[in-house]
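Sequences listed follow chains A and B, in order.
With this note's numbering applied, the first sequence covers 15 to 338.
With this note's numbering applied, the second sequence covers 50 to 373.
Written below as structure tokens is the structure these notes are about.
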Amino acid sequence: MAVDKKTLKELYARTLKVRRFEEKVWDLFGENIVPGTLHLYLGQEAVAAGVTVALEKTDWIQSTHRGHGHVIAKGADMNAALAELLGKSTGSCKGKGGSMHITQFDAGVLGATGVVASGLPIAVGAALSCQMRGTKDVVACFFGDGASNNGTFGESLNMSAIWKLPLIWVVENNLYAMGTPIKMTCPSATIAQRADGYCIPNVVVDGNNAQEVYEATVEAVKRARSGEGPTLIECQTYRMRGHSRFDPAKYRPEDEAKHWLSEERDAVRIIREIAIKQGALTETEAEKIEAKITKDVEKASEFAKKSEFPKPEETLDDVFAGVL
Amino acid sequence: MAEITYREALKEGLREEMQRDERVFIMGEDVGLNWGGAFKVTKGLAEEFGEARVRDTPISENTIAGAAVGAAITGLIPVVEIMFGDLITLSMDQVCNQAAKMHYMFGGQTSVPLVLRSVFGGGKNLASHHSQSLESWFMHTPGLKIAVPAFASDVKGLIKTAIRDPDPVMFFEHKLVYDKKEEVPDEDYTIPFGQAKVRREGADVTVWGTFFMLHKALEVAEELEKEGISVEVIDPRTLAPLDTKTLIESVKKTGRLVLVTEETKTGATTAEIAAIVQEEAFDWLDAPIKRVNAPDTPVPFSPPLEQYFIPNNKRIARAIRDIV
Ligand SMILES: Cc1ncc(C[n+]2csc(CCOP(=O)(O)OP(=O)(O)O)c2C)c(N)n1
Ligand SMILES: [Mg+2]
Numbered sequence: 015m016a017v018d019k020k021t022l023k024e025l026y027a028r029t030l031k032v033r034r035f036e037e038k039v040w041d042l043f044g045e046n047i048v049p050g051t052l053h054l055y056l057g058q059e060a061v062a063a064g065v066t067v068a069l070e071k072t073d074w075i076q077s078t079h080r081g082h083g084h085v086i087a088k089g090a091d092m093n094a095a096l097a098e099l100l101g102k103s104t105g106s107c108k109g110k111g112g113s114m115h116i117t118q119f120d121a122g123v124l125g126a127t128g129v130v131a132s133g134l135p136i137a138v139g140a141a142l143s144c145q146m147r148g149t150k151d152v153v154a155c156f157f158g159d160g161a162s163n164n165g166t167f168g169e170s171l172n173m174s175a176i177w178k179l180p181l182i183w184v185v186e187n188n189l190y191a192m193g194t195p196i197k198m199t200c201p202s203a204t205i206a207q208r209a210d211g212y213c214i215p216n217v218v219v220d221g222n223n224a225q226e227v228y229e230a231t232v233e234a235v236k237r238a239r240s241g242e243g244p245t246l247i248e249c250q251t252y253r254m255r256g257h258s259r260f261d262p263a264k265y266r267p268e269d270e271a272k273h274w275l276s277e278e279r280d281a282v283r284i285i286r287e288i289a290i291k292q293g294a295l296t297e298t299e300a301e302k303i304e305a306k307i308t309k310d311v312e313k314a315s316e317f318a319k320k321s322e323f324p325k326p327e328e329t330l331d332d333v334f335a336g337v338l
Numbered sequence: 050m051a052e053i054t055y056r057e058a059l060k061e062g063l064r065e066e067m068q069r070d071e072r073v074f075i076m077g078e079d080v081g082l083n084w085g086g087a088f089k090v091t092k093g094l095a096e097e098f099g100e101a102r103v104r105d106t107p108i109s110e111n112t113i114a115g116a117a118v119g120a121a122i123t124g125l126i127p128v129v130e131i132m133f134g135d136l137i138t139l140s141m142d143q144v145c146n147q148a149a150k151m152h153y154m155f156g157g158q159t160s161v162p163l164v165l166r167s168v169f170g171g172g173k174n175l176a177s178h179h180s181q182s183l184e185s186w187f188m189h190t191p192g193l194k195i196a197v198p199a200f201a202s203d204v205k206g207l208i209k210t211a212i213r214d215p216d217p218v219m220f221f222e223h224k225l226v227y228d229k230k231e232e233v234p235d236e237d238y239t240i241p242f243g244q245a246k247v248r249r250e251g252a253d254v255t256v257w258g259t260f261f262m263l264h265k266a267l268e269v270a271e272e273l274e275k276e277g278i279s280v281e282v283i284d285p286r287t288l289a290p291l292d293t294k295t296l297i298e299s300v301k302k303t304g305r306l307v308l309v310t311e312e313t314k315t316g317a318t319t320a321e322i323a324a325i326v327q328e329e330a331f332d333w334l335d336a337p338i339k340r341v342n343a344p345d346t347p348v349p350f351s352p353p354l355e356q357y358f359i360p361n362n363k364r365i366a367r368a369i370r371d372i373v
């Protein structure tokens, strides 16, 4: 599949944006101003970028506990996202959600959930809604290798298949669920092949290559929009950091980590080289894009830092939507 | 006797029971070699007893609980860990419909000697999916025994009783007590279920509470002593069976009762206790029973919100002063 130059450039920009955002989060964490825990998306940027570039603004994504990258890639406001991570009242969830629940509904994010695999059934419902309401929108549902071992995986894949729902199942196989290697909990060579049991077309792609992820998603979106039903895309990738804030990830074998964390496997570098080689990007353009992103992220950080914390009594607000 | 942490004491209890009885085994997510449990309670046990007896599982809470039921009714004694108390929601069928009911529903033919360990409570800015206190749900399910150890010297004796008990035991811990230290007996000792402990004797008012709130109540009692208010603090140690005798005796002595837990107020364990006390000791009460709980909201993320949500020393002291 030939990917046009404009798209390649966008894939680069979006991968980089997620990278810079997460690096900023890591810095702020170092300044000790990010409360709670953190599941950084560093290393997996090409997945969120590749999937979301293939979606329209009106399409939906369902996120996870490792959700910053999904939300930013889908076009969420960075100010509100960073403010949320710092627990400020200007955050997209008014400081109620934080890292594990970072969500911007108006950017097409159905939600970020702290309960592993709880997003899959919600994606089924959203896709059903798109189908029943007769929109042409599709839903992309992100989840981890670990999540694919939960019962909701089987139930959700099955329902999406029997009802031919406009759904793209995106497994981010970063080889681990916390410290548990996927090899230990999944008997098959790939997670993708589990979809065979539900008659769902599936494919394995290099999750560090935004172009590959994009191409697979374009196919899946086509199928979904034309009423042919769901697709499962397994994106093989790797976390640059530990699972959560203090995890040094010592359980990952040295040679494995060295391979995945090498410069050649770096998501930003891969898409940058592709774009330049295809003539979609010049060094100068790349620098310009980078400068703009860096500036935007810096502005978001200032905004988040300057914002106020919510007032304690705001705890009581928003339990219900209203009364009739 | 040695001064050790709650975490150490719990692990010691688990270790001694595994040495004593080959039928005892542990399973749960990341309980084994690579992690040792999210709160490090089982760290070192896989090394000592092997991976067959300290089993890492996939992220499959429903089947972890169900497998424990199956193993328990066929001759083993499973001690399962559900990483966060919030996630027992995914195990509810197996816990509440199966484990809790089998002995009764099958006319006493089989019993279900399993232990399900999990952890409740906020204070770590982990937001709505990782901070709840849901013990009352299980108190509302006949057939379950519920241990709620809050101190190192209790947790070892209680885990031993839980493992030796013929019925399903929900064994709840709290995130903020793992590092609390106390003198803990070195030898094999058990603490019978259904025996509260008077943690501090007093004459003017009884405070009944659970988990971290007991630690706070003891601090408050110390403060109020200086003002001439003498506070008795009672730790139920198990919610089912529930020691009402110790509580009622205390209320008859002091004539006043303050109930303190981190649960959201409506339908909390404290509501049940208040009902019991007014049934059994109404004539001895010199003031209305006071409840100190969290407000009826999900647990918010941002620090000022979470601090507002979780009852603090000031609120406990105010409730005491209000009725003394
Ligand atoms: C239902 C459930 N079980 C366990 C956890 C604790 N937990 C949080 S993240 C995680 C690992 C998830 O692994 P995976 O799905 O591969 O996602 P990754 O973290 O690798 O992105 C676990 C076990 C949880 N939050 N929810
Ligand atoms: Mg994973």
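Think of the CB as a built atom: it goes at the ideal place given N, C-alpha and C, for glycine as much as any other residue.
Predicted model, so just to flag it, every value in this text is computed and none were measured.
B/K205: member of the alpha helix (DSSP H) spanning A201 to R213, first to last residue. For B/F261, the enclosing alpha helix (DSSP H) covers residues F261 to K275. In terms of beta-carbon proximity, A/G109 lines the interface with chain B, with at least one pair separated by less than 9 Å.
Note: A/I75 is bridge-paired with A/V123 and A/A154 in the DSSP secondary-structure output. A/F157 and A/V129 have their C-alpha atoms spaced approximately 11 Å apart. Residues of the same chain with a CB within less than 8 Å of the CB of B/I365, apart from the 5 flanking positions on each side, are V256, M262, K265, A266, V269, V307, V309 and V341 in chain order. Under a 10 Å Cβ-count criterion, B/F358 is classified as buried, with 16 or more other Cβ atoms of the shown protein chains found around its own Cβ.
Burial of B/G170 is indicated by the presence of at least 16 other C-beta atoms within 10 angstroms of its C-beta. The beta carbon of B/Y227 sits no closer than 9 Å to any beta carbon of chain A.
In the DSSP secondary-structure assignment, B/A343 is bridged to B/T313. With a cutoff of 9 Å on beta-carbon distance, B/I131 and B/L163 are scored as not near each other. Each residue's CA atom was taken as its position, placing A/V311 and B/I208 some 50 Å apart.
Under the Cβ distance rule, A/V130 counts among the residues neighbouring chain B, one pair being separated by less than 9 Å. According to the DSSP secondary-structure assignment, A/T104 is paired through a beta bridge with no residue. Taking 9 Å as the threshold, the shortest C-beta distance from B/P344 to chain A falls below it. Between ligand 2 and the CB of A/I247, the shortest heavy atom gap is not smaller than 8 Å. The C-alpha of B/G277 is placed about 43 Å away from the C-alpha of A/G112. When DSSP reads this structure, B/H223 sits in a beta bridge with B/F169. If you check each beta-carbon in the region 167-188 of chain B against every beta-carbon of chain A, the ones closer than 9 Å belong to K173, N174, L175, A176, S177, H178 and H179. DSSP places B/A196 inside the beta strand (DSSP E), whose first and last residues are K194 to A196. If you measure from each CB to the nearest heavy atom of ligand 2, the residues under 6 Å come out as A/G158, A/D159, A/G160, A/N188, A/Y190 and A/A191. Excluding residues up to 5 positions away in sequence, T21, E24, L25, R28 and Y228 lie with their Cβ nearer than 7 Å to the Cβ of A/V67 in the same chain.
Ligand 1 approaches A/N164 closely enough that one of its heavy atoms is under 8 Å from the residue's Cβ. Contact with chain B is absent for A/Y55, since none of that chain's Cβ atoms lies less than 9 Å from the residue's Cβ.
Take the alpha-carbon of A/F119 and the one of B/G258: they are about 40 Å apart.
Here the alpha carbons of B/T210 and B/P217 stand approximately 12 Å from one another. Think of a sphere of 8 Å around the beta carbon of A/V333: the chain B residues whose beta carbon falls inside it are D345, T346 and P347, in chain order. At least 9 Å separates the beta-carbon of B/F155 from that of B/A120. Membership of B/G62 in the alpha helix (DSSP H) is indicated by the continuous run Y55 to R69.
For B/E110, the nearest CB of chain A lies under 9 Å from its own CB, placing it at the interface with that chain.
Ligand 1 approaches B/A87 closely enough that one of its heavy atoms is under 8 Å from the residue's Cβ. Contact residues of the region 183-208 of chain A toward chain B are A191, M192, G193, T194, M198 and T199 (C-beta to C-beta distance below 7 Å). A residue is called buried when at least 16 other Cβ atoms come within 10 angstroms of its Cβ; B/H189 does not meet this threshold and is exposed. A contact between stretches requires three or more CB pairs, one per stretch, nearer than 8 Å, and the region 244-259 of chain A meets this requirement with the region 44-54 of chain A. Listed along chain B are P344 and T346, each with a C-beta nearer than 7 Å to that of A/L330. Taking C-beta atoms as the reference points, A/N163 and A/T251 fail to come closer than 9 Å.
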